[in-house]
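Numbering (our numbering), first residue to last: 95 to 209.
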Amino acid sequence: MQAAARKSAPCIGGVKKPHRYRPGTVALREIRKYQKNTELLIRKLPFQRLVREIAQLFKHDMRFQSHAVLALQEAAEAYLVGLFEDTNLCAIHSKRVTVISKDVQLARRIRGERL
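Put into structure tokens, the structure is as follows:
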């Protein structure tokens, strides 16, 4: 009778399920990890290719110093971090925890970047 009162079946064959964290726990850990870091999060070579591709639209055979590309990358990442902070505040204001595209649009509208 005791076996019927048990809530879960015993481990058959000794195979144990891997431990899983609750939803959101790993995401919060990653947020804290990246907030402590000062390194660049966008890979350097893909960003450099993007800069060169955009520069080609304005003038051909344009050259960049490596420090100039790094300065552009620092500025781009700082802009994106600030935009996501404002976007997150818009989502929280809407009583949501998930960021959606209209939060980005609202943040940019409030900043005066896009009317």
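By construction, the Cβ of each residue, glycine as well, lies at the ideal position given by its N, Cα and C atoms.
Rounded Cβ spacing between residue i and residue j (contact assumed at less than 8 angstroms)
i, j, result
"residue 191", "residue 181", "Not a contact, Cβ separation roughly 12 angstroms."
"residue 172", "residue 184", "Going by Cβ atoms, the distance from residue 172 to residue 184 rounds to 19 angstroms, so no, they are not a contact pair."
"residue 156", "residue 149", "5 angstroms"
Distance CB(residue i)-CB(residue j) smaller than 8 angstroms
i, j, result
"residue 163", "residue 142", "yes"
"residue 167", "residue 134", "yes"
Residue i at chain C interface by Cβ criterion, 8 angstroms
i, result
"residue 125", "The structure shown contains no chain C; it is built from a single protein chain."
Segments assigned alpha helix (DSSP H), at least 4 residues, entirely inside the region 134–177
138–150
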